[in-house]
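Colleague: Would you mind keeping the following structure in view while I ask a few things?
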Amino acid sequence: AGPLAESLAGRRGAAERWRVWAERHRGAGRLVWLHAASVGEARAAEPVVRRLRVALPGLQVILTHTSPSVAGRDGLAAADHADYLPLDEPQPVARALDALRPDLLLLSRGDLWPELLLQAHARSVPVAVVGGVVRPQSRRLAWPARAVLRPACQRRGYVGAGTAEDAPRWRRLGGHGERVGRTGARRPQRLVGALASADA
């Protein structure tokens, strides 16, 4: 089986595995759900996670991904546990969110899943993007993809754009001006302050 088939197989059972993990390991304190599509995105988010752990002692961090390259790599991105992202469908997403009860959904570089964003918003879970990248030729910027994604994108709480050029493209996707900043994938300190002080 190729990487796509492996990814789909991993994602199909992910919601139930996350439910079991939460039942056994979810503590009473705060939990950050970090989503990073692959190893590169996970490593880009590591500085943010490490600073959040310093700012919020006892913080739990879980990592979801869609790439088989991350499978079985606990500890990547300073996470307590890693597994596949559940399928972006109402029932799997709801099961994972209700089990994990995250205080923050943190997306590395901008791997957006509309159902996850919509259900996080419905549960008042803050959403932030770190090192956010939208390429000039991205299909997300064109109609009809932009029209489909815009309602979900408007539910992000904060976007740390990867470059100065990325910031206006995030605004086109629905990011409110005051919530889009320039943090850079390797310079997360300004974003950390906003996340650590959030009343999650």
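Every letter in the sequence shown is one number past the one before it in my numbering, and letter 70, counting from 1, is 99.
Built from N, CA and C at the ideal position, the CB exists for glycine as well.
Note that this is a predicted model, so its numbers are computed, not measured.
For Pro86, count neighbouring C-beta atoms within 10 Å of its own C-beta (all shown protein chains included) and say buried if the count is 16 or more, exposed if not.
Modeller: Flag for Pro86 reads exposed.
Colleague: Less than 8 Å between the CB atoms is what I'm expecting for Pro35 and Pro97, so what's the real figure, rounded?
Modeller: Residue identity check: residue 35 is Glu in the sequence provided, not Pro. That pair is a contact at about 5 Å.
Colleague: Using a threshold of 8 Å, state whether the C-beta atoms of Ala66 and Asp140 are closer than that.
Modeller: Taking 8 Å as the Cβ cut-off, Ala66 and Asp140 qualify as a contacting pair.
Colleague: Which residues in the same chain as Leu145 place their Cβ atom closer than 7 Å to its Cβ, once the five residues preceding and following it in sequence are excluded?
Modeller: Here the set comprises Asp117, Val122.
Colleague: So for Leu145, helix, strand or coil by DSSP?
Modeller: Residue state, collapsed to three classes: helix.
Colleague: Short check: CB of Val158 to CB of Leu126, under 8 Å?
Modeller: Taking 8 Å as the Cβ cut-off, Val158 and Leu126 do not qualify as a contacting pair.
Colleague: Hey, how far is the Cα of Arg79 from the Cα of Ala128?
Modeller: Rounded to whole angstroms, Arg79 to Ala128 spans 24 Å at the Cα level.
Colleague: Give me the Cα-Cα distance between Ala60 and Arg53, rounded to the nearest whole angstrom.
Modeller: Note on residue identity: the sequence assigns Leu, not Ala, to residue 60. Leu60 and Arg53: Cα-Cα distance of roughly 14 Å.
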